[in-house]
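Colleague:
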Amino acid sequence: MGQDDRSSHVSLGGHNADVLFDSSSAESARHEKQLSNNIRLVKKRIHDGLKFSRVIHYTNETIHGMKTNYNSNKTQELSLDVLVVSDFLTYQAFLEMTNGDSHKAVHDLKVYLQAVFDQVKIIYDGISFNNETLHMVFAGTYISTQERDCPLWLSWAEDEEERVLNEEIRRLEEDESRWNSTVEDEEFMNTTTLDSNSTEQLISSERRKKLRKFVDVTLEEMQENNSTEMALKMDSKKAVDKFTIWLKEQQGLPRHEHAVLITKFDLISINGNSATQGMAYVGNICENGDSSSVVEDIGAGLTSLIVAHEIGHSLGALHDGAYESADCDSNDNYLMAVAVSGSADRQSFLNSRKMSNCSIKSIIENLKEPTASCVKKWKTKGSNQKDFMKKPGETVNLARQCQIAFGPTFKPCLHIGYFHGQSICERIWCSDGDSDECQTLNYFPAFDGTDCGYNMWCIEGLCVQNTKKWMDCKDLNAKTCSRYSSSKLKHYCKSKDFREICCRTCAQKGKVY
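Under the UniProt record's numbering, residue 513 is the last one in the sequence shown; the count climbs by one each step, no gaps.
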């Protein structure tokens, strides 16, 4: 080839090879025309001083065959990388639970955020979209340990300052109006009015300085007096918009396709009520910053359910009973219902972890849009590994779930009369210190994996045998335990005392679950 030939150097498995693109000669041009825009490559290799050349023709059919061969070894799956962000108030709540130990607070909060995500993953693993599972992938966490890092804090502080200032101005105007109405001297009135206006400006200026301090003090007082209660309020739509802006401005966040903010702010609806517990835009999945949601940290299993609900919105699902989902009754209590029901009905509880046909259809349609392409990923066949993920209740126990919902002094309720036949798995009850009174939430299931008895744990609201613990346990006297036949073991293993002695044998042969 001539000197005008263009070349690029490629490293191939430790050998040097030159790939030359012959595009300058007339012969090459004629050849390319004959091949109808096919590609002609010359591969050269030098070995022990000898040069080897080989012409390679990449035709359209060759390229297609390569793609087919590549794709034949791949399979497409649905997956979503989720980033979990905690605000400053949530961090403060964990700081209280850990008696001011900042390192432990951050550690425990990370564990909790992972547990919230793991419960969301369990929920979505049980939902089928055209016989496909949408796999939730944990992208990581971001914890705001300072006010200035909190996505919502500055916005709330500004709103609170403006609100108090407006109240002060209104009070001054009312005082001025009452004062003017009692003064009959017009000249004095005018003087007073002028003085009042001047004073008002001075007061406003001083109030601004005081209010900034007042806002900080108020936050500390609210945290001290109300613990983890939703004492601070914020417009839910503004919260989502502020979080969206924050996501777009942040540098170095873990790569993600959806971000959820867990907050202790009380989210307020457009109508001014605090029933709203989460907010997200519908169908914005994969869109930078806009693929996000804000969720109140009500408590453990309920928080996870709200996160799953808001991700459902971002994926394209509307509330059951509304618009395209009008054919699905919200009272059936599926995941995308307007409000979750605390009904003791078993089917109603199970529905809360599933999606209605309307929701599934809406999500499937939205995932066909080019803007939702990030959810579809190619994966090498046979690369699936067994999931060794711990269940959320294994890392966040029942006592901590009570603290998260009600405050650092709360613990699991010991009075069985409160449960009305329900297990702690379906509804957690908690008491404050040594108080005999217990309280719960309208919907407050335990995390899957929460201990509910000897070698028992919670799964989908039921207290069932924890086969994982059974298989991990050991016999206290293996020689004695091995003497019994399977038929006798089925009878003996019903005894709690016998199970404690021959735990491993009962798990393998007794099969008492």
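Cβ coordinates follow ideal geometry from the N, Cα and C atoms, glycine included. Note that the structure is predicted; figures quoted are calculated from it, not measured.
#1: Go ahead and label Y484 buried or exposed: buried means 16 or more other beta carbons lie within 10 angstroms of its beta carbon, across all protein chains shown.
#2: Out of curiosity, what's the CA-to-CA distance linking Y142 and A259?
#3: Applying the criterion that 16 or more other CB atoms from any shown protein chain within 10 Å of the CB defines a buried residue, is residue 522 buried or exposed?
#4: Is E257 near L113, with beta carbons less than 8 Å apart?
#5: What do you get for S482, buried or exposed, if any count of 16 or more other CB atoms within 10 angstroms of its CB means buried?
#6: May I ask which residues mark the beginning and end of the alpha helix (DSSP H) holding E365?
#7: I need the straight-line Cα distance from S486 to E324, nearest angstrom please.
#8: Helix, strand or coil for L441, going by three-state DSSP, please let me know.
#9: With distances taken between CB atoms, is the gap from S304 to V120 smaller than 8 Å?
#10: In three-state DSSP terms, what is C150?
#11: By Cβ distance, which residues of its chain are closer than 7 Å to A372, with the 5 residues on each side in sequence left out?
#12: Starting from I424, trace the alpha helix (DSSP H) both ways and give me its first and last residue.
#13: Taking only the alpha-carbon atoms, compute the straight-line gap between F406 and C438 and give it to the nearest angstrom.
#14: Given a cut-off of 8 Å, decide if I428 and C402 are closer than it, judged by their beta-carbon atoms.
#15: How about L78 and K376: are their beta carbons less than 8 Å apart?
#16: So if DSSP puts F138 in a beta bridge, which residue, or which two residues, is it bridged to?
#17: Among T145, C506, S495 and G461, whose alpha-carbon lies nearest the alpha-carbon of A478?
#18: Alpha carbon to alpha carbon, how far is P151 from F410? Give it in angstroms, no decimals.
#19: Which stretch, first to last residue, makes up the alpha helix (DSSP H) that contains A399?
#20: Counting only runs of 4+ residues fully inside the region 291-343, write out the alpha helix (DSSP H) ranges in chain order.
#21: By the 10 Å Cβ neighbour count, where 16 or more other Cβ atoms means buried, how is residue 515 classified, buried or exposed?
#22: Exposed or buried, which one is S294 when buried takes at least 16 other CB atoms within 10 Å?
#23: Measuring alpha carbon to alpha carbon, tell me which of N273, T467, G283 and G289 ends up nearest L261.
#24: Where does K468 sit, in a helix, a strand or coil, going by DSSP?
#25: May I have the straight-line CA-CA distance separating F447 from C458, to the nearest angstrom?
#26: Report buried or exposed for I63, applying the criterion of at least 16 other Cβ atoms within 10 angstroms of its Cβ.
#27: Is it true that the region 303-321 meets the region 118-132, where meeting means three or more beta-carbon pairs spaced less than 8 Å apart?
#28: Look at the Cβ atom of P392, then the Cβ atom of A139, and state whether they are nearer than 8 Å.
#29: May I ask which residues mark the beginning and end of the beta strand (DSSP E) holding T263?
#30: Please work out which residues of its chain come closer than 8 Å, Cβ to Cβ, to D149, disregarding the five sequence neighbours upstream and downstream, and give them in chain order.
#31: Given this structure, state the Cα-to-Cα distance separating K368 from M97, to the nearest angstrom.
#32: Consider the Cβ of V338: report whether some Cβ of chain C lies at a distance smaller than 8 Å.
#33: What does a CB cutoff of less than 7 Å around H309 pick up in its chain, not counting 5 residues either side in sequence?
#34: Once the 5 residues before and after C473 are set aside, which same chain residues still bring their CB inside 8 Å of it?
#35: Please state the DSSP three-state secondary structure of E287.
#36: What residue range is occupied by the uninterrupted beta strand (DSSP E) comprising I268?
Modeller: This is what the structure holds:
#1: Buried, by the Cβ-count rule.
#2: Distance between the alpha carbons of Y142 and A259: 10 Å.
#3: Here the chain comprises residues numbered 1 to 513, so residue 522 is not present and cannot be evaluated.
#4: With respect to L113, E257 sits apart: the two C-beta atoms are not nearer than 8 Å.
#5: By the neighbour-count definition (other C-beta atoms within 10 Å, threshold 16), S482 is an exposed residue.
#6: Note, E365: alpha helix (DSSP H), N357 to N366.
#7: If you draw a straight line from the Cα of S486 to the Cα of E324, it is about 56 Å long.
#8: Assignment of L441 by DSSP, reduced to helix, strand and coil, places it in the coil class.
#9: Going by C-beta atoms, S304 is nearer than 8 Å to V120.
#10: In the structure shown, C150 adopts coil according to DSSP, grouped into three states.
#11: Excluding residues up to 5 positions away in sequence, I285, C286 and N366 lie with their Cβ nearer than 7 Å to the Cβ of A372 in the same chain.
#12: Per DSSP, I424 belongs to no alpha helix (DSSP H) and is neither H nor E.
#13: Distance from the CA atom of F406 to the CA atom of C438, rounded to whole angstroms, is 11 Å.
#14: For C402 and I428, yes; Cβs fall inside 8 Å.
#15: Contact annotation: L78 and K376 have beta-carbon atoms nearer than 8 Å.
#16: Beta-bridge pairing links F138 to V82.
#17: For the residues T145, C506, S495 and G461, the minimum Cα distance to A478 belongs to C506.
#18: Cα to Cα, the separation comes out at about 29 Å.
#19: Taken as a continuous stretch (DSSP letters only), the alpha helix (DSSP H) holding A399 covers L398 to F406.
#20: The qualifying runs are 300-315.
#21: Any question about residue 515 goes unanswered here, given that the chain covers just 1 to 513.
#22: The sequence given here has Val at residue 294, not Ser. Classification of V294: buried, given that the 10 Å Cβ count is 16 or more.
#23: If you compare the alpha carbons of N273, T467, G283 and G289 with that of L261, the shortest gap goes to G289.
#24: Here K468 sits in helix by DSSP.
#25: Straight across, the Cα-Cα distance linking F447 with C458 is about 7 Å.
#26: Because I63 carries a pLDDT of 47, less than 50, the predicted location of this residue cannot be relied on, and the following value inherits that uncertainty. With fewer than 16 neighbouring CB atoms inside 10 Å of its own CB, I63 falls in the exposed class.
#27: With the cut-off at 8 Å, the region 303-321 and the region 118-132 touch.
#28: In this structure, the beta-carbon distance from P392 to A139 does not fall below 8 Å.
#29: For T263, the enclosing beta strand (DSSP E) has its first and last residue at H258 to T263.
#30: Correct list, in chain order: F88.
#31: So the two alpha carbons sit approximately 45 Å from each other.
#32: Absence of chain C from the displayed structure is noted, only one protein chain being present.
#33: Cβ-Cβ distances below 7 Å link H309 to G278, L335 and M336 in the same chain, with the five nearest sequence neighbours on each side left out; the list follows chain order.
#34: Closer than 8 Å at the Cβ level, and outside the excluded window around C473, lie N455, C503, R504 and A507.
#35: In the three-state DSSP reduction, E287 falls in the coil class, being neither helix nor strand.
#36: DSSP places I268 inside the beta strand (DSSP E), whose first and last residues are D266 to I268.
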